[in-house]
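Chains as they are written, first to last, in my numbering: chain E, 1 to 421; chain C, 422 to 542. Just so you know, even glycine gets a beta-carbon here, dropped at the ideal spot from N, CA and C. Every value quoted in this text rests on a predicted model; they were computed, and no experiment measured them. Read the structure below first, then the notes.
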């Protein structure tokens, strides 16, 4: 079987990329989805707040997904559900398994990686204690409650204050559970203010900043946890521990891009993002393989996933239709995260393929007020933008007109958070 | 009237706002822009919220249908609305936007489906 473009993953990234590639004139596109339906994680995110940038209205996750699923259908783009990709080779042969078709090898001219991310678990942060029932990741609980119709517990402690944890605190409260505490090891929450107010304050749920769950107890079912305060080096402060009774512990402690397939295709991953290293076309170091969405770097808003994936789709189309420049060019500008910046995507920009405008996506390491984001070349300021507020939980972007880079000797663009305003 | 503290959620800055009444007028401090004033007064006098939740659905592939209030409802009515919504049962097929509960508690707000669900084959 042969396709022009195979999109791996039918979530928001894969849907937007496939639709955009079709719009750009590629006919034979196949979306491979391992779940029983399209839409990805949006289908379990039943809360509102999606789409403010893309649709200029506030949608729930399923509504946002349905708009793209409808468009995919209208454009007659092929897709397969319950199909799990298990291998991608460097020459873009995709191995996929399913109950319907067994094992299949499909050739593609181009592959778009859109596998999303998965949750970090209790194991990732090594919480001591026993291993009874009642310990789940927040997203798993979200799927049980919102899609499968199972209530996961009555007395809940949530570890981590990322947005999924906060949203689940409200969800469990609405369904009649008592949420005893949201425990955050950092001195600030990684979640949006709006979620702290509307998911915790509204339901009088305490947010324990600079606290950690130091033990989980229970034999068959969770019976309680120990919560301890930590100092600024995240070490437990002796004498601050106390016990809380609960039957459920939900973990919302970060997301990891799901890149096992990317590695099989011989793609290098960035240590900063845990996603592929990409160029200005969202193309990985393997020519013709593109990446977008949470498999590339974890986004805060789905709107930015859509924006990025449309780009990946458009450039994959360009690659297939032959208008694309050979990616083996080694004349590149590297983007480098300096003071206060944790990562930048894309990591490299090919000098002879700079688009009219370059958008650098990044995150900051700490909470800052009234700072500048400064982009430099060899210490010289190329662009500087003021920001009233910066937080690690929010993805930032800076746009640079390419004309600013013409005719100057440049190998590196650095981005930093600067004190002076 | 005593002071009420709140975090403004109009933008990501999240100003800590204090609001109280003096000689019949609202006094608001801590906000860095006029939008914080509007927010604080609304939160004090008539706080409202959207309620996204689910209802039982029969005949679809999944047992739960996601729904939401068509408009924000008074914050104090959240759990009363949940009681009504929890009793609702629908049958597939459902189209996104379908009204599941009309004029819930006489608040002038409908409960609407947030996704389509086909009849299971």
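Query, Result
"Element boundaries [alpha helix (DSSP H), containing residue 168 of chain E]", "163-174"
"Cβ of residue 483 of chain C within 8 Å of any chain E Cβ", "yes"
"Chain C contacts made by the stretch 179-203 of chain E, where a contact means CB separation under 8 Å", "192, 193, 194, 196, 197, 198, 201, 202"
"Three-state class that DSSP yields for residue 436 of chain C in the structure shown", "coil"
"Straight-line gap, residue 171 of chain E to residue 191 of chain E (C-alpha atoms, nearest Å)", "16 Å"
"Where residue 503 of chain C falls: helix, strand or coil (DSSP)", "helix"
"Neighbour flag for residue 496 of chain C against chain E, beta carbons, 8 Å", "yes"
"Complete beta strand (DSSP E) runs within the stretch 174-254 of chain E (minimum length 3 residues, chain order)", "178-183, 211-217, 224-229, 242-245, 248-251"
"Chain C within 8 Å of residue 446 of chain E, Cβ atoms only", "What is shown of chain E runs 1 to 421, which leaves residue 446 of chain E out entirely."
"At least 3 beta-carbon pairs within less than 8 Å: the stretch 282-296 of chain E vs the stretch 142-161 of chain E", "no"
"CB-CB length for residue 77 of chain E against residue 29 of chain E, believed under 8 Å", "5 Å"
"Amino acids of chain C, ordered along the chain, whose beta-carbon sits closer than 7 Å to that of residue 151 of chain E", "Near residue 151 of chain E there are no residues of chain C at all, since even the closest Cβ is about 11 Å away, more than 7 Å."
"Cutoff 7 Å; reference residue 231 of chain E; Cβ partners in own chain excluding five residues on either side", "237"
"6 Å CB neighbourhood of residue 462 of chain C in its chain, flanking five on each side removed", "447"
"Short CB-CB distance (under 8 Å) between residue 476 of chain C and chain E", "no"
"Cβ-based contacts, 7 Å cut-off: residues of the stretch 55-74 of chain E near chain C", "60, 62, 63, 66"
"Near-chain E residues of the stretch 524-537 of chain C (beta-carbon distance less than 8 Å), N- to C-terminal order", "535, 536, 537"
"Burial state of residue 445 of chain C, where buried means 16 or more other Cβ atoms lie within 10 Å", "exposed"
"From C/468, C/456, C/524, residue whose alpha carbon lies closest to that of residue 489 of chain C", "C/524"
"Complete runs of the beta strand (DSSP E) confined to the stretch 329-388 of chain E [at least 3 residues]", "332-337, 341-345, 348-350, 357-364, 368-377"
"Assigned exposure category for residue 261 of chain E - 16 Cβ within 10 Å defines buried", "buried"
"Contacts of residue 487 of chain C in chain E (Cβ-Cβ under 7 Å)", "46, 60, 62, 146"
"DSSP three-state assignment for residue 68 of chain E, whether helix, strand or coil", "helix"
"Buried or exposed by the 16-neighbour rule on C-beta atoms within 10 Å, applied to residue 27 of chain E", "exposed"
"Closest by C-alpha distance to residue 341 of chain E, when choosing among E/65, E/375, E/143, E/222", "E/375"
"Contact check, residue 214 of chain E vs residue 241 of chain E, beta carbons under 8 Å", "yes"
"Where the alpha helix (DSSP H) through residue 264 of chain E begins and ends", "260-264"
"Residues of the stretch 380-400 of chain E with Cβ closer than 8 Å to any Cβ of chain C, in chain order", "388, 389, 391, 394"
"Contact set for residue 60 of chain E: own chain, Cβ-Cβ below 7 Å, skip 5 residues either direction", "46, 47, 48, 50"
"Boundaries of the beta strand (DSSP E) in which residue 397 of chain E is found, first to last residue", "396-401"
"Cβ distance (whole Å) where residue 151 of chain E is taken to contact residue 184 of chain E below 8 Å", "Residue 151 of chain E to residue 184 of chain E, Cβ: 25 Å. No contact."
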